[in-house]
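Here the sequence shown is numbered in the UniProt record's numbering, starting from 1 and rising by one per residue.
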Amino acid sequence: MMGNGDLERGTTTKGRNQRYPQSYYASGGTYDVGYSDSQWTSWLVPMIVVANVAMFVVIMLVNNCPKNHNGYRGDCVAKFLGRLSFQPLGENPLFGPSSSTLEKLGALEWEKIVHQNEAWRLITCIWLHAGVIHLLANMLSLVFIGIRLEQQFGFVRVGFIYLLSGIGGSILSALFIQRSISVGASGALFGLLGAMLSELLTNWTIYTNKAAALITLVVIIAINLAVGILPHVDNFAHIGGFLSGFLLGFLLLIRPQFGWLERRNLPADTRLKSKYTFFQYAFLMVSAVLLIVG
Numbered sequence: 001m002m003g004n005g006d007l008e009r010g011t012t013t014k015g016r017n018q019r020y021p022q023s024y025y026a027s028g029g030t031y032d033v034g035y036s037d038s039q040w041t042s043w044l045v046p047m048i049v050v051a052n053v054a055m056f057v058v059i060m061l062v063n064n065c066p067k068n069h070n071g072y073r074g075d076c077v078a079k080f081l082g083r084l085s086f087q088p089l090g091e092n093p094l095f096g097p098s099s100s101t102l103e104k105l106g107a108l109e110w111e112k113i114v115h116q117n118e119a120w121r122l123i124t125c126i127w128l129h130a131g132v133i134h135l136l137a138n139m140l141s142l143v144f145i146g147i148r149l150e151q152q153f154g155f156v157r158v159g160f161i162y163l164l165s166g167i168g169g170s171i172l173s174a175l176f177i178q179r180s181i182s183v184g185a186s187g188a189l190f191g192l193l194g195a196m197l198s199e200l201l202t203n204w205t206i207y208t209n210k211a212a213a214l215i216t217l218v219v220i221i222a223i224n225l226a227v228g229i230l231p232h233v234d235n236f237a238h239i240g241g242f243l244s245g246f247l248l249g250f251l252l253l254i255r256p257q258f259g260w261l262e263r264r265n266l267p268a269d270t271r272l273k274s275k276y277t278f279f280q281y282a283f284l285m286v287s288a289v290l291l292i293v294g
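As structure tokens, then:
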């Protein structure tokens with residue numbers, strides 16, 4: 001699909017005389033035989049995982065429970081870790097830092113964003129996590145969702161969706177949660193889920209098991225949104241990230257319709273179909289308008 005030396009590519013495309021695989025698995029289903037494309041090498045998603053883990057280590061170093069904890073809710077957990085030990089479970093059951101540490105390092109807080117002009121918190125909160133459990137849950141989800149998308153669409157588009165969806169989730173969270181702080185990459189992760197759904201809808205013609213792919217993806221999204229009902233889970237960030245990613249997917253993850261890539265093998269007098277369908281153009285235009293208005 002892309003030429004040699006594409007900025008997003010981890011490898012160059014194959015030559016014209018080389019055959020691609022008959023089909024390959026994508027987000028939620030298989031593509032029809034006839035639509036083929038080599039894959040990018042995934043490096044951005046692993047780097048995001050490494051960055052999040054490194055940031056959590058920094059958070060715990062700054063937190064320094066043995067020095068800063070006053071002991072009113074128990075002792076630090078895992079004291080053998082020294083400065084990296086966790087706050088008492090009565091204060092943070094996720095094995096992580098104190099809320100004051102997260103606030104100091106850039107957690108999402110409505111008061112500071114609106115009245116103290118600290119809009120940078122809309123971005124920094126995406127890279128903070130409340131504890132080891134929170135971090136592991138988000139990073140495992142990112143690996144399973146993000147690597148597959150990056151292999152199909154490259155790091156530029158996936159990175160763009162990840163970051164903007166995270167900001168979209170932060171904005172909706174800040175609008176509705178004004179009495180507590182919020183951290184985590186959940187909004188960005190839900191953006192990738194939303195992008196997977198819009199990618200399936202806009203590229204409908206190149207899927208074989210359409211119904212199965214759609215049902216599977218919808219069930220996964222519903223389960224993840226249902227988790228947001230649990231206490232202390234920021235579902236507004238989930239919804240904001242999902243909507244942002246859903247709209248961005250129509251803009252950035254569009255593929256040529258089925259059969260278009262095989263046009264060069266047809267007789268010269270054959271009437272060629274357009275690269276994209278009317279519905280793909282319609283989805284793209286509506287999504288662009290909604291994103292601008294939003």
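Using N, Cα and C, we set each Cβ at its ideal position, and we do this for glycine too.
When the options are compared against residue i, the one with the closest alpha-carbon
i       : options                          : result
Gly-166 : Leu-247, Arg-148, Phe-190        : Phe-190
Gly-240 : Ala-188, Ala-78, Val-62, Phe-144 : Ala-188
Leu-94  : Val-218, Trp-204, Gly-131        : Gly-131
Leu-108 : Pro-97, Thr-101, Thr-124         : Thr-124
Ile-181 : Trp-43, Gly-294, Ser-100         : Ser-100
Ser-244 : Lys-210, Arg-255, Ser-186        : Ser-186
Thr-277 : Pro-256, Ile-292, Gly-96, Met-55 : Pro-256
First and last residue of the uninterrupted alpha helix (DSSP H) at residue i
i       : result
Val-233 : That residue, Val-233, is in no alpha helix (DSSP H); it is neither H nor E in DSSP.
Asn-209 : Neither: Asn-209 is in no alpha helix (DSSP H) and is coded neither H nor E.
Cys-76  : Careful: Cys-76 lies outside any alpha helix (DSSP H) and carries neither H nor E.
DSSP state of residue i mapped onto helix, strand, coil
i       : result
Ser-180 : coil
Val-86  : The displayed chain sequence assigns Phe, not Val, to residue 86. In this structure, Phe-86 counts as strand in the three-state DSSP scheme.
Leu-108 : strand
Arg-157 : helix
Leu-142 : helix
Phe-95  : coil
Tyr-162 : helix
Thr-277 : coil
Ile-292 : helix
Ser-186 : helix
Ala-130 : coil
His-115 : helix
Residue i and residue j closer than 9 Å at C-beta
i       : j       : result
Leu-247 : Leu-290 : yes
Gly-184 : Ala-222 : no
His-129 : Leu-135 : yes
Gly-74  : Gly-90  : yes
Within-9 Å CB hit, residue i to chain D
i       : result
Val-183 : This model lacks chain D altogether, as it is built from one protein chain only.
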